[in-house]
Every structure is written in structure tokens, then in C-alpha cells.
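Read through the structure below, which is laid out as C-alpha cells, and then see the notes.
Chains as they are written, first to last, in the working numbering: chain A, 1 to 382; chain B, 383 to 470.
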């Protein structure tokens, strides 16, 4: 049995002052169902990805909430793995189909973040780290990734301005994405002039605080032979120590390497076979690590590839055509699902101004915390 | 499970000066956090005090000191812990 994505949709990502958590999640779900040409009454189960519904909206129990909003009363589960909630909810959903328990499943990721002030959202996000060993010391996520960035600079003799290439590329891609949080093109100079958040990470090295939702409808592919669909080839999920200090390496994420290994094995492919990917660029350094951890480039070689524009639209391995987390925005629970929606639309040739050519196999890479969880999913056209 | 005791002496691996703080740490900014390799081997994350960003170098020797960690939260309890200072 193969699982396929038979429908997908996103809401706009950004500072959506007029829209609530439940509204965004419901809108994305209904749009994905319309895209699949499926009525809500034909859904057998729902998986909801969300990290901070209780802090930002006073709302937990999202499984039941989404089912209620859709007017159905099915088996519904909220999945949380910090910023990897989306990728993990998707993986659990595929297993519910492969087990034979369910036939058609909705997966929706949503996050409302902009109702919290700066310090409150920073603290809420730090629940993705180690409370005793990191939060108690005043660490923030920008700080944790900054520690990784400096380690990478020391080990590979990289300069701050070289990380900026990630943000520049992703803003360019986002400028072509009507749903992206940011639509402005930026330069390396803009990044270097932006204020320090946690040295050496500057404001424009960091993905924004965004609201948004994304949804996909999954099914046993044999049930919908004549539909336009994209097939899941393989998946992998892994964890590493929650606390950054306990890792074996500060310049690579073992959880990503391990998750990718499992996914490639299940898909029966190697990194060379991947045509494009959506990776977790929560901070510019994170995209550098991602393309090395996924086996696309050797350690220390990612920046060379960025400089040669290999990972830009038009290059041989476009990364983050959606604009990534930096350009498209990062509503935490929604990101992992948005990545899957982007890969789906690109493989179906429906990505309009940011459509890349010759795509057969796409990969999504979703990270929780500072590399504590990673989920990798691989999709193909056939 | 076995308990191990370590001496709070070590060397700086990496660091970052935080300008945008989480709740309870706003009055401390800017402050520097670092990954420190304790002499016995493990790495810990802690704040480095009595030093400016410009003075930080990889391999710098530091020693632990007992300090207040941030401001009291909702429970009105003052948290204490270890921070690190450079060894001359």
C-alpha cells in the first residue's frame, strides 16, 4: 500500500491580527478538502499539529476542536514536537493509513503566535528546549542557534556575512510566493545592518514570529487512482539530546542525519536522487547544517553551494522554494505541513512564479528545538 | 543510575551575547551564554559574567560562581544556580 497526498492548502502566513487559531486551522482544512474534492464526512481521522495553543490562545484539546469545526466526530489527535509538530503529525497520520485502521485522513498544522508579546513568545518557544539546563540560564532559541553558528564559524573558517546568503535566497523565493509572510527582496548588506538578537545572529538571520495554518489530505493511493496525487516514498524520524550542551557535535544535527538515513532507506534512494527540498531554516545557520546533514553536500561545503546559487530557483538543487521559514514565515505547528504542501504543489507543477523544472523527487526536513527532533519525508510524482 | 560530582572549572567552546531576552531576564540584557567544557569532560551551558563579548575567546579558562538566575517568576521564588567567570 502506498500513501498519497490527494489535497493540500495553506492560509497566508504573517501577522494575522483579525484571524484566530481555530479560524486558520479550519480554513486550511476546508481548502485542502476542496482541493482533494473530498467532503468532511469522508474523513476517517484527523491529526493536528500545534505547539503553543494553550499559551497563545488558551486552547488545548485541538483534536476535538478541529473535528467540531468541520462538523464531524472522528478519531482526532493533537501531536506536539515543538517546531517538528507538523512533520511528526504527518508521519503518525501515514501510519494510521498503513496500519489499515483509516482510509482518508486530514492533517492540519496551525499556530497563533502574534497575540503574545516579545518576551512571552520567546519564553513559549523555549519550551522546545531544556527547561532546567537552558531556559533557567536565560538561553533563547536565537542564542542556542548562535552557539551553533559560532562553532561552525570556528570549525570551517566562515564569516558572518556568508550565513546571510541563506536569508537573501529565501526572501527572493518568498517574493514569488503570494502566501509568504515577507514579500521583500533583501541583500547581504541588509542582513549585516540588522540589529543583533544573539551574537552573531542578527534580526534578518532569524525566522519571524508568524500566524498561519496548512493542511493536507492523505489516503491509500489505490482508492483514488484517477486523482492528481503525490506519493510518499519514505519517512524517518529521530531524536537527539534535548539540551544542546549534551550533543556529540555542535556543527551538525545527528537527529537529522539519522531521520534522513531511515527515510532514504525506506524510499530506496540516495541523497543524489533528490531534486529539491524544503528544509528547516529557523535561523540561517540551520539551513547550512540541513543540506549537509541530509547528505546533499559534504561538511563545510554548504556555503560554497549557496554562493554558486545551486540551491536557488533555477539551480540544480533548489532549497526552500516556498521562502523557507525565514521568508515564508514560521507559525511553528504549521511549518512541517506547509513544507509538504510546497513539495506537493511543486511536483504537481502548480507553483506558478516559483515553479522549478524537472522535479521528480522532493524531500521535507522538519526540526524541533535546537535539533532535538527531526522528521524527514520523501515524495515523488509517481 | 549513579551520581557524579564535577568541579566547576572548564574552558569556553562557544558563546553568544543575548540582546533579546525571555521573561525574567529582560533586566540582565545584554548577557552572554556559553558552552563550557568542564575539565572532567561534559559540556554545560551557562552564563559568563564579569566579561565583555570582545574579551571572549575559545579555550578561555572559567570557574563557577553561585549566582541568582533571572528574576522571580509567578511563584515568587528566587532561583539560584551557577554562572562562570574568567580565571585570571
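The C-beta atom is built at its ideal place from N, Cα and C for all residues, glycine as well.
Here the structure is a predicted model, which is why all the values come from computation and not from measurement.
For residue i, the nearest candidate out of the options (CA to CA)
i: residue 327 of chain A; options: A/19, A/43, A/67 and A/169; result: A/169
i: residue 252 of chain A; options: A/382, A/288, A/271 and A/221; result: A/288
i: residue 447 of chain B; options: B/385, B/436, B/409 and B/463; result: B/463
i: residue 73 of chain A; options: A/209, A/44 and A/246; result: A/44
i: residue 410 of chain B; options: A/47, A/138, A/370 and A/300; result: A/138
i: residue 367 of chain A; options: A/17, A/145, A/65 and A/14; result: A/145
i: residue 189 of chain A; options: A/160, A/270, A/211 and A/29; result: A/160
i: residue 231 of chain A; options: A/29, A/345, A/248 and A/166; result: A/345
i: residue 68 of chain A; options: A/57, A/79, A/41 and A/209; result: A/41
i: residue 286 of chain A; options: A/163, A/211, A/197 and A/236; result: A/163
i: residue 97 of chain A; options: A/54, A/358, A/217 and A/245; result: A/217
i: residue 298 of chain A; options: A/315, A/76 and A/272; result: A/272
i: residue 33 of chain A; options: A/54, A/70 and A/210; result: A/70
i: residue 26 of chain A; options: A/14, A/17 and A/48; result: A/48
i: residue 371 of chain A; options: A/330, A/250 and A/185; result: A/250
i: residue 8 of chain A; options: A/206, A/229 and A/235; result: A/229
Beta-carbon spacing of residue i, residue j below 8 angstroms
i: residue 129 of chain A; j: residue 135 of chain A; result: yes
i: residue 140 of chain A; j: residue 402 of chain B; result: yes
i: residue 268 of chain A; j: residue 180 of chain A; result: no
i: residue 375 of chain A; j: residue 87 of chain A; result: yes
i: residue 279 of chain A; j: residue 83 of chain A; result: no
i: residue 223 of chain A; j: residue 103 of chain A; result: yes
i: residue 46 of chain A; j: residue 63 of chain A; result: yes
i: residue 334 of chain A; j: residue 110 of chain A; result: yes
i: residue 392 of chain B; j: residue 419 of chain B; result: yes
i: residue 28 of chain A; j: residue 11 of chain A; result: yes
i: residue 20 of chain A; j: residue 221 of chain A; result: no
i: residue 213 of chain A; j: residue 52 of chain A; result: no
i: residue 436 of chain B; j: residue 428 of chain B; result: no
i: residue 300 of chain A; j: residue 172 of chain A; result: no
i: residue 340 of chain A; j: residue 233 of chain A; result: no
i: residue 412 of chain B; j: residue 400 of chain B; result: yes
i: residue 432 of chain B; j: residue 469 of chain B; result: no
i: residue 165 of chain A; j: residue 307 of chain A; result: yes
i: residue 14 of chain A; j: residue 211 of chain A; result: yes
i: residue 391 of chain A; j: residue 325 of chain A; result: Limits of chain A in this structure are 1 at one end and 382 at the other, which puts residue 391 of chain A out of reach.
Backbone secondary structure at residue i - three-state DSSP
i: residue 129 of chain A; result: coil
i: residue 282 of chain A; result: coil
i: residue 78 of chain A; result: strand
i: residue 2 of chain A; result: coil
i: residue 234 of chain A; result: strand
i: residue 272 of chain A; result: helix
i: residue 40 of chain A; result: helix
i: residue 210 of chain A; result: coil
i: residue 110 of chain A; result: strand
i: residue 377 of chain A; result: strand
i: residue 346 of chain A; result: helix
i: residue 257 of chain A; result: helix
i: residue 53 of chain A; result: helix
i: residue 163 of chain A; result: helix
i: residue 438 of chain B; result: coil
i: residue 191 of chain A; result: helix
i: residue 366 of chain A; result: strand
i: residue 383 of chain B; result: coil
i: residue 156 of chain A; result: helix
Any C-beta of chain A under 8 angstroms from that of residue i
i: residue 462 of chain B; result: no
i: residue 394 of chain B; result: no
i: residue 389 of chain B; result: no
i: residue 429 of chain B; result: yes
i: residue 417 of chain B; result: yes
i: residue 401 of chain B; result: yes
i: residue 452 of chain B; result: yes
i: residue 440 of chain B; result: yes
i: residue 408 of chain B; result: yes
i: residue 421 of chain B; result: no
i: residue 468 of chain B; result: no
i: residue 435 of chain B; result: yes
Any C-beta of chain B under 8 angstroms from that of residue i
i: residue 196 of chain A; result: yes
i: residue 244 of chain A; result: yes
i: residue 404 of chain A; result: No information on residue 404 of chain A is available, as it lies outside the stretch 1 to 382 that chain A covers here.
i: residue 250 of chain A; result: yes
i: residue 51 of chain A; result: no
i: residue 140 of chain A; result: yes
i: residue 147 of chain A; result: yes
i: residue 207 of chain A; result: no
i: residue 143 of chain A; result: yes
i: residue 41 of chain A; result: no
i: residue 120 of chain A; result: yes
Paired residues, beta bridge with residue i - DSSP
i: residue 7 of chain A; result: A/217
i: residue 397 of chain B; result: B/416
i: residue 83 of chain A; result: A/81
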